[in-house]
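Heads up, the sequence shown is in full-length UniProt numbering, so the first residue is 1 and it goes up one at a time.
Where is the CB? At the ideal position from N, CA and C, for every residue including glycine.
What follows is one structure encoded as structure tokens, with my remarks underneath.
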Amino acid sequence: MTGGPPGAAPALHPSTTASHCWRADMNDDPNPFDIDHVASAIVNWRNDRDLRAARDEPRGQRAAYDAGHPAGIDDMPDAPWSEEDADRYGDRKKVSGSKVIIPKERFRLLRASAMPFLDPEFAIDGLLEVEVLAVIFGKPAAGKSFVAIDMACCIATGTPYHGRDVKRGLVVYVAGEGHNGLKRRQMAWEKHHRTSLADAPLYFSTRATSLMDAAAVDEMLEAIDAAAEAEDVAPRLVVIDTVARNFGSGDESKTPDMNAFVAGADSIKRKYPGCTVLLVHHSGHGDSERGRGSSVLLGALDAEYRVELDVDTTTLICTKMKEAPMPGPISFKANTVQIGTSKKGEPVTSLAFDEVDAPAKRPPKLKGQPLIAMQAFGDALAAHGQVMTGEAFPKNRQCVSLDQWREACDRHSLSSGEGDSSKRAAFHKAWKSLQEKGLICVLDGFAWRVAE
1 MTGGPPGAAP
11 ALHPSTTASH
21 CWRADMNDDP
31 NPFDIDHVAS
41 AIVNWRNDRD
51 LRAARDEPRG
61 QRAAYDAGHP
71 AGIDDMPDAP
81 WSEEDADRYG
91 DRKKVSGSKV
101 IIPKERFRLL
111 RASAMPFLDP
121 EFAIDGLLEV
131 EVLAVIFGKP
141 AAGKSFVAID
151 MACCIATGTP
161 YHGRDVKRGL
171 VVYVAGEGHN
181 GLKRRQMAWE
191 KHHRTSLADA
201 PLYFSTRATS
211 LMDAAAVDEM
221 LEAIDAAAEA
231 EDVAPRLVVI
241 DTVARNFGSG
251 DESKTPDMNA
261 FVAGADSIKR
271 KYPGCTVLLV
281 HHSGHGDSER
291 GRGSSVLLGA
301 LDAEYRVELD
311 VDTTTLICTK
321 MKEAPMPGPI
331 SFKANTVQIG
341 TSKKGEPVTS
351 LAFDEVDAPA
361 KRPPKLKGQP
371 LIAMQAFGDA
381 LAAHGQVMTG
391 EAFPKNRQCV
401 SLDQWREACD
411 RHSLSSGEGD
421 SSKRAAFHKA
431 WKSLQEKGLI
441 CVLDGFAWRV
451 AE
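Spelled out as structure tokens, the structure:
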């Protein structure tokens, strides 16, 4: 069985080996098109004789499932793969001295009972699953890149991420900006955590890439392949910092362009099982509560985190978690770390994070219509407030009906429009804004303050 059986499906294995998947009975004449039930064998590319079978190995099952009609590996000079096989299954590519027949993707169906079950695995326990597309977004100078570099250094060294277990592996940081500060941030992390990065499988790009461009993506993947081979460690995390700098010539607000960008990011996940792709992104111009650009990106994400800076505290807030339980906010204090002295004799510093308790939340500042609506709410509450019965309503808390509140808003001239419909629309927009800010709760036509 040297070189893999005819019909085996190649895929990069987390241990930098090739996974071949075929029928579970492992007979001498496997049917390459019947992979409803599969097992796997792992062939170490550096030693063909090292062949181990793992009957129910989930990653092997996944490789077969993803591959569609399987192909195989050609390691021997007298291998049976013909040019017809190559044309049928895809192009030959050199990988670690082996010629791999990469299957063309085809639409196919798999019985529900045959789909492999994979236990949830995390690159960072409870925060980042393996094999997902995730994003960290926030305003400029909020600390997005510091959070990403902290995660990258922890995974590359196997250092727990503020008490959370990590899966160690190769980390590639595709930096599109801030190259001058990257080394300082690395040095600050080393000194603060008393952990050297000298032998860590952590790599930084010298320039940005273009995830919209297939040729640029291929060039990046070749560089990742070379790093993985040099380190003999499989990729665990690829950071793209930032989306804008690594987007390419397109417009991130246009659906087709964002679709192309997402396809480029997904190609990293597909090639490296067990690898997470983490994007660093700017918040929207008019809405800091979401990432900038087309909503295609949000739809494609498995996890999304918003970074907020409040005075001296940076908080990481999960806003989307597709499969795993959504974690609570994590707050960090930035420590100034001196890493050297300049030619002028001045201290050279950077920042490193420590997790801290979340700061007391200050009430948001209001202006415009939300401020007017809040003032009107106080008047309505003073005139008509009542304690409501029922388990859904707060005990001993004054409530007011939305109709009474809207009448008070009319007296405060919330809307400049004359028509009743424009006044109602302005009121609805104002109370929704106050509810989203956590100041007002609305239920069954009544409203009350969240906190007295």
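Using CA atoms only, rank isn't needed, just tell me which of the options is closest to residue i.
i           : options                               : result
Arg-292     : Trp-448, Cys-275 and Glu-252          : Glu-252
Met-187     : Thr-341, Cys-399, Val-450 and Ser-288 : Thr-341
Ile-330     : Ala-300, Met-212 and Thr-319          : Thr-319
Val-238     : Ala-244, Phe-247 and Phe-204          : Phe-204
Gly-126     : Gly-163, Ile-149 and Phe-261          : Gly-163
Pro-160     : Ile-124, Pro-256, Ile-372 and Lys-343 : Ile-124
Leu-316     : Ala-303, Leu-202, Lys-322 and Ala-324 : Ala-303
Ile-224     : Asp-257, Arg-184, Gln-375 and Val-171 : Val-171
residue 457 : Ile-240, Thr-209 and Ala-214          : The shown model of the chain, from 1 to 452, leaves out residue 457, and the question about it has no answer.
Arg-406     : Asn-246, Lys-395 and Ser-422          : Ser-422
residue 453 : Ile-339, Ala-426 and Asp-357          : Because the chain in this structure spans residues 1 to 452, residue 453 falls outside the shown range and cannot be described.
Val-387     : Arg-397, Glu-190, Glu-177 and Ala-228 : Arg-397
Pro-201     : His-193, Lys-429 and Cys-154          : Cys-154
Asn-335     : Glu-346, Leu-351, Met-321 and Ala-324 : Leu-351
Met-321     : Arg-194, Ile-372, Leu-301 and Lys-333 : Leu-301
Val-356     : Thr-313, Asp-379 and Val-348          : Thr-313
Asp-165     : Phe-117, Phe-122, Pro-140 and Leu-182 : Phe-122
Pro-394     : Val-442, His-192 and Ala-380          : Val-442
Glu-177     : Ala-373, Val-400, Trp-189 and Phe-146 : Phe-146
Met-258     : Ser-294, His-285 and Ala-234          : Ser-294
In angstroms with no decimal places, state the Cα-to-Cα distance between residue i and residue j.
i       : j       : result
Ala-142 : Leu-279 : 15 Å
Gln-404 : His-384 : 7 Å
Ala-376 : Leu-110 : 59 Å
Val-174 : Ser-415 : 49 Å
Ser-249 : Phe-261 : 11 Å
Gly-299 : Lys-144 : 21 Å
Ala-226 : Ala-134 : 24 Å
Gly-417 : Ser-288 : 28 Å
Ile-136 : Ala-114 : 35 Å
Leu-381 : Trp-448 : 9 Å
Gly-328 : Leu-439 : 20 Å
Ala-214 : Leu-434 : 45 Å
Lys-139 : Thr-389 : 43 Å
Give me the DSSP bridge partner(s) of residue i.
i       : result
Ser-350 : Val-337
Tyr-173 : Phe-204 and Val-239
Ser-283 : Gly-291
Cys-399 : Gln-386
Ile-136 : Val-280 and Tyr-305
Taking DSSP as the reference, what is the three-state secondary structure of residue i?
i           : result
Leu-297     : helix
His-162     : coil
His-384     : helix
residue 453 : The question about residue 453 has no answer, for the chain in this structure spans 1 to 452.
Gln-435     : helix
Cys-318     : strand
Cys-275     : coil
Leu-110     : coil
Arg-406     : helix
Asp-251     : coil
Leu-443     : strand
Ser-422     : helix
Gly-264     : helix
Leu-414     : coil
Glu-323     : coil
So, for residue i: in the same chain, excluding its five sequence neighbours on each side, which residues have a beta-carbon less than 7 Å away from its beta-carbon?
i       : result
Pro-364 : Lys-437
Gly-264 : Leu-211, Met-212 and Val-217
Glu-131 : Lys-269, Pro-273, Gly-274, Cys-275 and Thr-276
Short of 6 Å in beta carbon distance, which residues of its chain neighbour residue i, apart from the five on each side in sequence? Order them along the chain.
i       : result
Val-95  : For Val-95, the predicted model reports a pLDDT of 32, less than 50, meaning its position is unreliable and no value from the coordinates is stated.
Arg-168 : Gly-158
Met-220 : Thr-209
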